[in-house]
Amino acid sequence: MDICQDPATYSNLSLAFDNHSASTIDNGPGTIDQENRKLDLLIKTAGDKLLFGAGHRYTIFDVEALQPATNGHLHTFFLPLHKLSGNDRRSFRLSIAPAFSASSNVFNKLGKYSGDALQVLAALVWSRRLSDRMSLRFGLCGDHRFGDYQVYPLVSVRWQPHPDWSVQLGFPTSKLSYQVSARATSMIRIMPDGNEWFVLDKSRANHSKFIYEAYALEWAFAWELRKSFAITATVGRQLHNRFEMTLLDKSRVRLSSQPVTRVGAALEWRF
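Numbered by the working numbering, the letters in the sequence shown go through residues 30 to 300 in order.
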């Protein structure tokens, strides 16, 4: 979940997936395959100042030639809450999302989980409109998108030189958007894409952490088929892939893998 990104201003239910080509492990044998599946529900209250919801991230890693102490089926469940205040020129957002992040066999034996499976994602974000064409966002975010839990600054400037074009430059996310038509938008974005999971090995006797971090450079095309229904297609490159995991022999390893292509699609129902 991108806790730094402003949530949608409407209630919605969305489903997404993306698939990666096999990534060759640097300086070692084998490859790593990855699949991601996402489910999000966001509900806006009547006053438009409070949004809440639920989400699920399901990531599958298939690590060849190594024997990680996990079944590779990794889940993160979270419950986001967003509190908004301010107006069109000045606004503030407080977001918090408690989460549970673990391998699938932990859910079959919940007595084996530890506090390492619990996460707290949070963001404090201020927005200022500097002019009719430019705005500033700044604040603090805390999450696992860089692997280990980190609290880091958010700074971005959004410039709209033309009604159909907008540029957002900053950290941790930058993007270029173009309004193709009243119902279609094309964008290019770069953003961190990582997480951390509490995992059990296949015997469920030993536990460890599986940590992943990367950057995604992605093109997306969103098309609003109807007022209440939209689809998005994505294609991009997963860059700077880094992993930290425990193997079956209980050794702890850190490794990296080559950039890979990923493709995906998303469906969104607005209500």
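Glycine included, every Cβ here is placed at the ideal spot set by N, Cα and C.
Reduced DSSP secondary structure (H/G/I, E/B, other) of residue i
| i | result |
| --- | --- |
| F136 | helix |
| A259 | strand |
| A146 | helix |
| K231 | coil |
| D172 | strand |
| Q267 | strand |
| Q208 | strand |
| R118 | coil |
| Y178 | coil |
| I32 | coil |
| S50 | coil |
| P190 | strand |
| S160 | coil |
| N224 | strand |
Boundaries (first-last residue) of the beta strand (DSSP E) holding residue i
| i | result |
| --- | --- |
| F239 | H236 to R255 |
| I217 | A213 to P221 |
| S114 | L110 to G115 |
| T99 | Per DSSP, T99 belongs to no beta strand (DSSP E) and is neither H nor E. |
| A83 | L79 to V92 |
| S195 | W194 to F200 |
Exposed unless 16 or more other CB atoms sit within 10 angstroms - verdict on residue i
| i | result |
| --- | --- |
| Y241 | buried |
| S200 | Per the sequence shown, the amino acid found at residue 200 is Phe instead of Ser. Classification of F200: exposed, given that the 10 Å Cβ count is below 16. |
| R157 | exposed |
| N41 | buried |
| P58 | exposed |
| T38 | exposed |
| A128 | buried |
| T290 | exposed |
| A152 | buried |
Sheet register partners of residue i (DSSP bridge)
| i | result |
| --- | --- |
| T74 | The partner list for T74 (beta bridge, DSSP) is empty, contrary to what the question assumes. |
| Y39 | Its beta-bridge partners do not exist; DSSP assigns none. |
| A45 | K67 and A295 |
| E273 | I240 and R283 |
| F106 | H85 and F129 |
| D278 | Note: D278 sits in no beta bridge, so no partner. |
| D62 | D91 |
| F167 | W155 and V184 |
Neighbour flag for residue i against chain C, beta carbons, 8 Å
| i | result |
| --- | --- |
| A131 | The structure shown contains no chain C, having only a single protein chain. |
Sufficient close CB pairs (3 or more, under 8 Å) joining the segment 119-131 to the segment 43-63: Result no; under three Cβ-Cβ pairs closer than 8 Å.
Check whether the segment 89-108 and the segment 275-285 touch, using three or more Cβ-Cβ pairs below 8 Å as the test. Yes, they touch.
On the three-pair Cβ rule with 8 Å, is the segment 217-229 touching the segment 182-193? No, the segment 217-229 is not in contact with the segment 182-193.
The segment 242-262 contacting the segment 142-154, beta-carbon criterion three pairs below 8 Å: In this structure the segment 242-262 does not lie against the segment 142-154, because fewer than three pairs of beta carbons, one per stretch, are closer than 8 Å.
I want to know whether the segment 98-112 touches the segment 70-84 - three or more CB-CB distances under 8 Å. yes
Stretch pair the segment 282-298 + the segment 251-268: three plus CB contacts closer than 8 Å: Enough Cβ pairs lie closer than 8 Å, so yes.
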